[in-house]
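Peer 1: These protein sequence lines map, in sequence, to chains P and G.
Just so we're aligned: the first sequence equals residues 1 to 134 in our numbering.
Just so we're aligned: the second sequence equals residues 1001 to 1473 in our numbering.
Built from N, CA and C at the ideal position, the CB exists for glycine as well.
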Amino acid sequence: MGWHAFEQHTSDVQVRVDAATLVDLFTEAGRALAEIIGTPAGVPSGAWRRVSVDARDRDALLVAWVNELIARTEIDDQLYTEIEVVDLTATRLDARIRGVPIAETRTPVKAATMHGLQIGAGAGGVSATLILDV
Amino acid sequence: MKFHAVPIAPFEYELRDDADRARHARIFADDELIAAISRDRSLEQLANVTSLPGLYGDAYGMPDMHEGYGFPVGGVAATALPDGVISPGGIGFDINCGVRLLATEIERAAFEPNRERIVHDLSRTIPSGYGRSNLMALDRDELDRILEGGCRALIERHDAGLPEDLEVIEGGGCLDGARANAVSERARERGAPQLGTLGGGNHFLEVQLIDTIFDAAAAERLGLRAGAISVLIHTGSRGLGHQVCTDHLRVMDEAQARYGIVLPDRQLACTPLSSPEGQRYLGAMRAAANFAFANRQLIAHRVRGVFARHLGAARALRLVYDVGHNTAKLERHGDHELCVHRKGATRAFGPSSSELPARYRGLGQPVFVPGSMGTASHVMLGNDSAETRSLASVCHGAGRVLARGAAKRRVAGHELRRELEQRGITVRCASNTELAEEAPEAYKDVDRVVDVVVGAGLARKVARLVPLGVVKG
């Protein structure tokens, strides 16, 4: 289980993600991204897409994961609202994602940044604050 | 650690830490702007920039500075070659985002009866927001030609503009040394369908009225006349540039430890410019910059088409200049070869610069400072004194002062749309939410920002432009 909230940032989008587990944290970060980008045109019903990303540590892995979703959203013109993390280590993530067309774009996102990012202990388990360039 | 700014000269502040030690950074501002700058994390981010290995002299904050990530937006820093670093975070994701101004001889009286039709046609002709356009079918070879040839390739091979346009684009519309083979497949996949699109965020296309001329002789040489219509285009390298930055930040984040580089912010990841990673990023960044020049060129070509459809082909739109504000350039300053990072800052060479187009020799490099939606924009010319005071750099806009969420809470998009229409400004923006995010209240006062630039001696005012029609990205 995870939840997210948007925090103050002068020019970009700063999102705080909290979750009980790391798997939930990565899943919730993907859901927050979809919410920022736009409104889905319904519920996904098509085929699942397999996604794998790797990075040199856990913080970089979170950025690589969100950047993968940003690129896939733009290339596929799909909002990935269904996310299942299949396997997660400190340096690799395997997931299945499923998307729907975007009914209305809210905020196009260019990239996730490493600025000030640190995955750490939070009240509900783990938390991270991520800044997205929009 | 907390940071603060101390006035040291008119319109100039020095950055100091909480022990009141100077931090090799200066900010151009006045009392009101420095108060706004001090409210967010801009000063901390500018202090982080001073930790870049090989930093030459001071880092600079422009009067429109605000917090970003890595560098603040409105930040300038140079590293000395050959050992200084290059940092993708000092350029940003939207590589060579910039501004292009087209001037016309069209009088307001001739434009007004056609205003709604023209602005509507512009919004239909030039895609904005998310995603693609497919305005041009670019196969791999053709994309490579644009990545390495910029505007020249687009004009010569696709007839998308006039040969004389090239003279008045920064770098002739093509940065030498671009390497298409350093641009990833992912970047190509994102960017290729997007050539000729505005994108989202604060990007826009504006039809404007030249409202005030401050320097008649300079305005005449730039082809600007009070009462005439102009068109300002603000956009960048789209998904291609975003992905180039993403790809190479990751490479540098992994590589910098091998060069003994430790930084307070991973978003500032860098390697020496002379390293294989630095050279590869420089080549990719230049390729993305060329894509951005070509993007603005294709948009301008289509703008010309719209005006010709409605007002006749004789009503030519002449390119005044095109300049980026998210780049790293290799420049000579005094006796030093430098890599000058400008993130949300505009290069502003003075009248004696040999880099100026022949048409503007002795005049200074044109600089465009867009205001927020519904407010004025300015045309300026760089001064020679900017060379030593700010590495020949000035601001790039008004600068945000209000977060997007706060702007949306304060301003209703539909009311803003109505208010702008009542003021005679036609607005085309699909989303009221996005409209609210870019409300005038979300930005600093552009006239004030420009006055600081003038007061600090960095550039001089030529003309003030006010909007008649806005197509928002």
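Mapping DSSP to helix, strand and coil, what is residue 1245 of chain G?
Peer 2: Correct three-state label for residue 1245 of chain G: helix.
Peer 1: Going along the chain, which unbroken runs of the alpha helix (DSSP H) with 4 or more residues stay wholly within the stretch 1274-1336 of chain G?
Peer 2: List check, alpha helix (DSSP H) in window: 1276-1311.
Peer 1: Drop a sphere of 10 angstroms on the beta-carbon of residue 133 of chain P, count the other beta-carbons inside from all chains shown, and report buried for 16 or more, exposed for fewer.
Peer 2: By the neighbour-count rule (16 or more Cβ atoms within 10 Å), residue 133 of chain P is buried.
Peer 1: Counting Cβ pairs closer than 8 Å, one from the stretch 1019-1039 of chain G and one from the stretch 1246-1263 of chain G, do we hit at least three?
Peer 2: At 8 Å Cβ cutoff, the stretches do not touch.
Peer 1: Helix, strand or coil for residue 47 of chain P per DSSP?
Peer 2: Three-state result, residue 47 of chain P: coil.
Peer 1: Name the chain P residues that come within less than 8 Å of residue 1035 of chain G, Cβ to Cβ?
Peer 2: Neighbours of residue 1035 of chain G on chain P: none; closest Cβ ~14 Å, over 8 Å.
Peer 1: Quick one, are the C-beta atoms of residue 1453 of chain G and residue 1395 of chain G less than 8 Å apart?
Peer 2: The answer is yes: Cβ separation under 8 Å.
Peer 1: Ordered along the chain, which non-local residues of its own chain (more than five positions away) have a Cβ less than 7 Å from that of residue 1384 of chain G?
Peer 2: So the qualifying residues of the chain are 1350, 1351, 1352.
Peer 1: Tell me whether residue 1072 of chain G sits in a helix, a strand or coil according to DSSP, three-state version.
Peer 2: Correct three-state label for residue 1072 of chain G: strand.
Peer 1: Check each residue of the stretch 1396-1419 of chain G: if its Cβ is closer than 8 Å to any Cβ of chain P, include it; give the result in chain order.
Peer 2: Of all residues in the stretch 1396-1419 of chain G, 1400, 1401, 1402, 1403, 1404, 1405, 1406 have a Cβ within less than 8 Å of some Cβ in chain P.
Peer 1: Could you pull out every residue in the same chain whose Cβ sits closer than 8 Å to the Cβ of residue 1475 of chain G, ignoring the five residues on either side in sequence?
Peer 2: A query on residue 1475 of chain G cannot be resolved here, the shown segment of chain G reaching from 1001 to 1473 and no further.
Peer 1: Cβ of residue 77 of chain P within 8 Å of Cβ of residue 117 of chain P?
Peer 2: Not in contact: residue 77 of chain P and residue 117 of chain P (Cβ atoms no closer than 8 Å).
Peer 1: Which value, in whole angstroms, describes the spacing of the CA atoms of residue 1250 of chain G and residue 1342 of chain G?
Peer 2: Answer to the nearest angstrom: the Cα atoms are 20 Å apart.
Peer 1: With a cut-off of 8 Å on the beta carbons, I'd call residue 1474 of chain G and residue 1017 of chain G a contact; round off their distance for me.
Peer 2: Outside the displayed span of chain G (1001 to 1473) sits residue 1474 of chain G, for which this structure offers no information.
Peer 1: From residue 1400 of chain G to residue 1390 of chain G, what distance separates their C-alpha atoms?
Peer 2: Their backbone Cα atoms lie some 21 Å apart in a straight line.
Peer 1: Excluding five sequence neighbours on each side, which residues of the same chain lie with their C-beta closer than 6 Å to the C-beta of residue 1203 of chain G?
Peer 2: Counting only Cβ-Cβ distances below 6 Å, and skipping sequence neighbours, we find 1234, 1235, 1473.
Peer 1: I need the straight-line Cα distance from residue 1201 of chain G to residue 1114 of chain G, nearest angstrom please.
Peer 2: The straight-line gap from Cα to Cα measures roughly 27 Å.
Peer 1: Let me know the secondary structure DSSP gives residue 81 of chain P once reduced to three states.
Peer 2: Reduced to three states, the DSSP call for residue 81 of chain P is strand.
Peer 1: Compare the C-beta of residue 1186 of chain G against all C-beta atoms of chain P and say whether one is closer than 8 Å.
Peer 2: Yes, residue 1186 of chain G counts as interfacial toward chain P.
Peer 1: What residues in the stretch 110-129 of chain P bring their beta carbon closer than 9 Å to a beta carbon of chain G?
Peer 2: Taking 9 Å as the Cβ-Cβ cut-off against chain G, the residues of the stretch 110-129 of chain P that qualify are 110, 111, 112, 113, 114, 115, 116, 117.
Peer 1: Relative to the C-alpha of residue 1 of chain P, which residue among P/21, P/15, P/79, P/66 is closest?
Peer 2: Checking every option, the nearest Cα to that of residue 1 of chain P belongs to P/21.
Peer 1: Can you name the residues of chain P whose CB is closer than 7 Å to the CB of residue 1325 of chain G?
Peer 2: Result: empty, since nearest Cβ-Cβ is about 14 Å, beyond 7 Å.
Peer 1: Taking residue 1087 of chain G as the reference, give the member of G/1317, G/1062, G/1265, G/1356 with the closest Cα.
Peer 2: Measuring from the Cα of residue 1087 of chain G, the nearest candidate turns out to be G/1265.
Peer 1: With respect to the beta strand (DSSP E) encompassing residue 1106 of chain G, which residues constitute its N-terminal and C-terminal limits?
Peer 2: Where residue 1106 of chain G is concerned, the enclosing beta strand (DSSP E) stretches over 1098-1107.
Peer 1: As an exercise, report each continuous alpha helix (DSSP H) stretch of at least 4 residues that is fully enclosed by the stretch 1094-1181 of chain G, in chain order.
Peer 2: Counting whole runs of 4 or more residues, the stretch 1094-1181 of chain G contains the alpha helix (DSSP H) stretches 1108-1111, 1115-1125, 1140-1158.
Peer 1: DSSP three-state label for residue 1027 of chain G, please.
Peer 2: DSSP places residue 1027 of chain G in strand when its eight states are reduced to three.
Peer 1: In the DSSP assignment, the beta strand (DSSP E) including residue 121 of chain P goes from what residue to what residue?
Peer 2: 120-122 is the span of the beta strand (DSSP E), which, as asked, contains residue 121 of chain P.
Peer 1: Given a cut-off of 8 Å on the beta-carbon distance, is the pair residue 1046 of chain G and residue 1007 of chain G in contact?
Peer 2: No, the Cβ-Cβ distance between residue 1046 of chain G and residue 1007 of chain G is not below 8 Å.
Peer 1: When you check each C-beta in the stretch 1093-1113 of chain G against every C-beta of chain P, which residues fall closer than 8 Å?
Peer 2: Hits within the stretch, in order: 1093, 1094.
Peer 1: So, does the CB of residue 1267 of chain G fall closer than 8 Å to a CB anywhere in chain P?
Peer 2: Closer than 8 Å: yes.
Peer 1: Quick one: does residue 1441 of chain G have its CB under 8 Å from some CB of chain P?
Peer 2: Chain P, which has no Cβ nearer than 8 Å to the Cβ of residue 1441 of chain G, makes this no.
Peer 1: Give me the subset of the stretch 1061-1085 of chain G whose CB atoms are less than 8 Å from a CB atom of chain P, sorted by chain position.
Peer 2: Those residues of the stretch 1061-1085 of chain G that come within reach of chain P (Cβ to Cβ, closer than 8 Å) are 1066, 1067, 1068, 1069, 1070, 1073.
Peer 1: Please decide whether residue 1297 of chain G counts as near chain P, where near means a Cβ-Cβ distance under 8 Å.
Peer 2: Not an interface residue.
Peer 1: Hey, is the stretch 28-42 of chain P in contact with the stretch 1418-1427 of chain G, meaning 3+ C-beta pairs nearer than 8 Å?
Peer 2: The answer is no - the stretch 1418-1427 of chain G does not touch the stretch 28-42 of chain P, with fewer than three Cβ pairs under 8 Å.
Peer 1: Please state whether the Cβ-Cβ distance between residue 1064 of chain G and residue 1397 of chain G is less than 8 Å.
Peer 2: Their beta carbons are under 8 Å apart, which means residue 1064 of chain G touches residue 1397 of chain G by this criterion.
Peer 1: Could you check which residue in G/1192, G/1434, G/1310, G/1184 has the C-alpha nearest to that of residue 1409 of chain G?
Peer 2: The shortest Cα separation from residue 1409 of chain G among G/1192, G/1434, G/1310, G/1184 belongs to G/1434.
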